Amino acid sequence: MEPKPVEKLPQFPRSIWMRSGSSLTCVVVVLDETGKPQDALVSYPSRMGLTEQEKQVILSVQWTPAQVGGQARPSLVSMNFEIH
47 MEPKPVEKLP
57 QFPRSIWMRS
67 GSSLTCVVVV
77 LDETGKPQDA
87 LVSYPSRMGL
97 TEQEKQVILS
107 VQWTPAQVGG
117 QARPSLVSMN
127 FEIH
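Count the sequence shown with the numbering used here and you get residues 47 to 130, in order.
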C-alpha cells in the first residue's frame, strides 16, 4: 500500500517556481516506516534545491506508512507541483 498524506497538503511556496523557471517541480520525500518525513529534495528540474523554508513546509506533512505484505516499510514519495 502506498503512503498517503494524513492531512491536506499545505500551500507550496511559489518561490521555487520563480527560481527554477519551470512550471513543473518534482520533489522526492523520504519517509521512515511510520510515515514521518526524513528528507526532501528536488528531482526536477535538475540542479535545483529547496530553501530551508520550502523544505520545512514539505517535511511538515505526516503520511500514512507504506506497507508491503502488511508490514510498514520506509518509502519514497514523489510530489509534483505545477503552475497552470
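C-beta atoms are modelled at their ideal positions from N, C-alpha and C, and glycine is treated no differently.
Predicted model, so just to flag it, every value in this text is computed and none were measured.
Taking Leu70 as the centre and dropping the five residues before and after it, the same chain places the C-beta of Glu128 closer than 6 Å to its C-beta, in chain order. Counting C-beta atoms within 10 angstroms of its own C-beta, Val75 has 16 or more neighbours from the protein chains shown and is therefore classed as buried. In this structure, the alpha-carbon of Ser89 lies about 25 Å from that of Val114. Separation of Glu100 and Ser124 (C-alpha to C-alpha, rounded to the nearest whole angstrom) is 15 Å.
CA-to-CA, the gap between Ser106 and Gly67 works out to about 25 Å. When the beta-carbon positions are compared, Glu79 and Pro120 come within less than 9 Å of each other.
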